[in-house]
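As structure tokens, the structure follows; a few thoughts come after it.
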Amino acid sequence: MVCLIGKSLNEISKIVLNQSGHADHALEIAKWLYRKETSTFEEIITIPLILRKALDINSCIGKYNPIQVHESADETRKYLFENYQSQRFETVYMPSAKRNTLCISTQSGCRMGCRFCLTGKIGFNGNLSANDILNQYLSIPERSKINRIVLMGMGEPFDNLNEVKKAVEILTADWGASFGASNITISTVGLHEPLKLFLENPFCNLAISLNNPISHERKELMPIEKSNPIAETVNLLRKHPIKKPLRLSFEYVALGGINITERHAIAVSALLKGLKCHLNIIPWNSHEGTSFKSPSEIELNAFINCLNKNGVLTAVRQSRGEDIGAACGQMAGVSDE
Ligand code: SF4
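The structure is reproduced here in structure tokens:
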């Protein structure tokens, strides 16, 4: 049975025409699916009853709810989903005074194996479909409050580019959720082939997971450096600059005693020289199951000062929801049972 959430307007049109509806009905259905809290065809009262009944027999809306939720002391909420194929994945809602951010997963598990990441340790359980990706936005109770979406949850989005691109197109389309492309950020370790495709036609902001500018050290933290070196990633970004209103940023998980010395700051500055971008520094929070340490205030400040002195624009972002396993690098897709 075909599920409608995750389908483009064209695809919905084909389904509707097969049921003797017409194109206007497809547009109505898309708006009900992606802008309202529609869970059944019965609710779509602006299309004929006969079409609603036909769709109900031959297709489904494709919306499903999270199976578990945890709330952090800082009001972050982590939702655990399980799709029709029994893949598990997590979504994190982070409210704040300025904006409310939703962090979405694009795969169940991940193949990239970043050493500081729990998702990397649980292995790979497959790609998520556009339906699964959109469902994380459409099914949570805070949906109407969300004004920023980051694809930084479980998985490497560029390892699942087709479904991710489709989901973002539906999120940003006039006939879809009408979410601003400049309020959506996709985060990648920098896989070169999909990055080239993305840069030909960027469809949202881009964040590159940097974490260490020195190749032989980055290989230790992020095995992907062996086949997709960061220097070549940056070359591609220089050749195809991202134009406003979309933005380019780099993410830097600050690990105490590992990647935040003056040597690293100078190497970051040399790597990013001349690129229009900013660097988001995320101080690591020590937690069970990893040997990495939080940076001390002194080493973190010295790193930031050295970056600023060398012309790198920085912002410090605190990881959220650490007490519920929702912080950066903690998502494992496991339930309490
Ligand atoms: S940090 Fe991202 S890319 Fe790396 S293993 Fe974790 S989920 Fe995958």
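In short: position in the sequence shown from 1, add 4, done, that's our numbering. All C-beta atoms in this analysis are idealised placements derived from N, C-alpha and C, irrespective of residue type, glycine included. Keep in mind that this is a model prediction, so the values were computed, not measured.
Identity of the residue in the options nearest residue i by Cα
i, options, result
"Q140", "I302, I49, A235, E41", "E41"
"M335", "S63, M158, R56", "M158"
"L13", "F183, D28, Q23", "D28"
"A58", "Y68, P245, K125, N22", "N22"
"H268", "S143, R251, L240, E303", "E303"
"L165", "Q322, K243, N131", "N131"
"Y256", "Q322, T294, I246, N232", "Q322"
"L31", "N205, I264, T50", "T50"
"M5", "I61, L155, S43, F45", "I61"
"H220", "I262, K18, L37, P99", "I262"
"A185", "I234, G124, N151", "N151"
"R92", "R251, N69, S148, H244", "N69"
"T192", "I218, T237, W36, I308", "T237"
"S342", "H26, K11, S76", "This structure cannot settle anything about residue 342, because the visible part of the chain is limited to 5 through 341."
"R39", "S148, T95, F162, K223", "S148"
"I308", "S290, T265, R324", "T265"
"R324", "T105, G194, Q72", "T105"
"N232", "P287, D163, I246", "D163"
"D178", "L37, K18, H26, G194", "L37"
"K247", "C281, E224, Q72", "C281"
"F183", "K18, K35, S24, G117", "K35"
"N187", "G124, R222, C107", "C107"
"E301", "C310, P287, S295", "P287"
"G194", "K169, P161, E224, I218", "P161"
Closer than 9 angstroms to chain B by CB, residue i
i, result
"I126", "In the structure shown, chain B does not exist; there is a single protein chain."
Check whether residue i and residue j have beta carbons under 9 angstroms apart
i, j, result
"K297", "L259", "yes"
"T318", "L283", "yes"
"Q111", "F85", "no"
"N216", "S253", "no"
"L53", "V20", "no"
"I137", "A171", "yes"
"R115", "M226", "no"
"K4", "L142", "The first residue shown for the chain is 5 and the last is 341, placing residue 4 beyond what the model contains."
"E146", "Y97", "yes"
"S76", "D327", "yes"
"P206", "L250", "yes"
7 angstroms CB neighbourhood of residue i in its chain, flanking five on each side removed
i, result
"L240", "H196, L199, K200, L203"
"N314", "A269, I270, S273"
"E79", "P99"
"N305", "none"
"V316", "V272, S273, L276, L283"
"P245", "K280"
"K169", "F207"
"K223", "E229, K230"
Assumed close pair residue i, residue j - CB separation to whole angstroms, cut-off 8 angstroms
i, j, result
"A134", "E167", "5 angstroms"
"I33", "L8", "7 angstroms"
"K102", "G329", "The pair is not a contact, with the Cβ atoms about 24 angstroms apart (cut-off 8 angstroms)."
"I228", "L214", "Contact doesn't hold; Cβ gap of about 12 angstroms is too wide."
"F45", "I65", "7 angstroms"
"T95", "I144", "7 angstroms"
Own chain, CB closer than 6 angstroms to residue i, minus 5 neighbours either side, in chain order
i, result
"T189", "V154, N209, A211"
"V320", "I285"
"S290", "K297, S298"
"G25", "L55"
"C310", "E266, A269"
"G117", "G124, P227"
"M156", "C107, S191"
"H74", "K82, I328"
Close Cβ partners of residue i (< 8 angstroms) along its chain, the five nearest in sequence each way excluded
i, result
"S43", "I65, K67"
"N312", "T318"
"E173", "S12, G180, F207"
"I218", "R267, H268, A271"
- request: Only counting runs of 3 or more residues, tell me where the beta strand (DSSP E) segments fall wholly within the segment 170 to 194, in order along the chain.
  value: Listed in chain order, they are 188 to 192.
**OP:** Any chance you could list the alpha helix (DSSP H) runs of at least 4 consecutive residues sitting entirely within the segment 98 to 176, in chain order?
**Re:** Those alpha helix (DSSP H) runs which fall completely within the segment 98 to 176 and span 4+ residues are 122 to 126, 134 to 142, 165 to 176.
* Starting from the N-terminal side, write out each stretch of the beta strand (DSSP E) that is 3 residues or longer and does not extend beyond the segment 224 to 307. => For the segment 224 to 307, the continuous beta strand (DSSP E) assignments of 3+ residues that do not extend past its boundaries occur at 252 to 258, 282 to 287, in sequence order.
| said: Threshold first: 3 residues or longer. Then list the beta strand (DSSP E) segments lying entirely within the segment 39 to 77, N to C. | reply: As for any beta strand (DSSP E) of minimum length 3 sitting wholly inside the segment 39 to 77, the runs are 72 to 75, ordered along the chain.
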